[in-house]
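K.L.:
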Amino acid sequence: MAEHDDYDSTGPEEDPVDVRQMFLDWLTGHLATVEVVGTKPTPWCTQWWLHPEVVARFKALWQASMQADASVMDGDAGAVSSWWINHWDRHAAVIFDKNNGPFRDCDPDQGHLYRRKDTTARIVPASMPPVDIEL
Numbered sequence: 055m056a057e058h059d060d061y062d063s064t065g066p067e068e069d070p071v072d073v074r075q076m077f078l079d080w081l082t083g084h085l086a087t088v089e090v091v092g093t094k095p096t097p098w099c100t101q102w103w104l105h106p107e108v109v110a111r112f113k114a115l116w117q118a119s120m121q122a123d124a125s126v127m128d129g130d131a132g133a134v135s136s137w138w139i140n141h142w143d144r145h146a147a148v149i150f151d152k153n154n155g156p157f158r159d160c161d162p163d164q165g166h167l168y169r170r171k172d173t174t175a176r177i178v179p180a181s182m183p184p185v186d187i188e189l
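Everything in the sequence shown is counted per our numbering, starting at 55 for the first residue and increasing by one.
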């Protein structure tokens, strides 16, 4: 009998979960419900995925949102409210800060990093510390 890598003896095959699509569906759905995030006009980059900090924050928000939804199912009626206050409000204040947030040099019409003179320079340059530095 030949081995099959895709055969699971525990039951019928299930379609693989597309986590990326789940995340993007959540993000676009959530952003469609947000009415106010701070300053007007709200800083935004149509290529938000080019901002590693924004991606990391949105993913953290998504994961915390799923946990809040699960907590509601387990009887914690305030979990989603807590998510808005303790997660969304705090991250949105950073993401959409027009002076210091990651979108500060972007323009929704003119594009990614439109206001930056040097679009290749890292905003926060980082290097490895010397080996003799204890971390």
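Backbone N, C-alpha and C define an ideal beta-carbon position, used for all residues, glycine too.
Inspect the beta-carbon positions of Pro179 and Glu107 and report whether they are closer than 7 Å.
P.N.:
For the purposes of this step, residue 179 is identified with residue 125 of the sequence shown, where counting begins at 1. For the purposes of this step, residue 107 is identified with residue 53 of the sequence shown, where counting begins at 1. Not a contact, by the Cβ cut-off of 7 Å.
K.L.:
Taking all protein chains shown into account, do 16 or more other C-beta atoms lie within 10 angstroms of the C-beta of Leu189, making it buried, or fewer, making it exposed?
P.N.:
Along the sequence shown, one-based indexing puts residue 189 at 135. Using a 10 angstroms sphere on the CB of Leu189, the tally of other CB atoms stays under 16, which defines it as exposed.
K.L.:
For the structure I just gave you, are there three or more beta carbon pairs, one from the segment 133-143 and one from the segment 71-80, closer than 8 Å?
P.N.:
no
K.L.:
Return the chain-ordered list of same chain residues with a C-beta closer than 7 Å to the C-beta of Leu167, the five sequence neighbours on each side being excluded.
P.N.:
For the purposes of this step, residue 167 is taken as residue 113 along the sequence shown, with counting starting at 1. Cβ neighbours of Leu167 beyond the five flanking positions: Asp159, Cys160 and Thr173.
K.L.:
Quick check for students: name the residue ranges of the alpha helix (DSSP H) that lie wholly in the segment 122-169, counting only runs of 4 or more.
P.N.:
133-137 and 143-149
K.L.:
Quick check on the burial criterion: 16 or more other C-beta atoms within 10 angstroms. Buried or exposed for Ile149?
P.N.:
Here residue 149 refers to the residue found at position 95 of the sequence shown. That one is buried.
K.L.:
Can you tell me whether DSSP reads Leu81 as helix, strand or coil?
P.N.:
On the sequence shown, residue 81 is found 27 positions in, with the first residue counted as 1. Helix, per DSSP.
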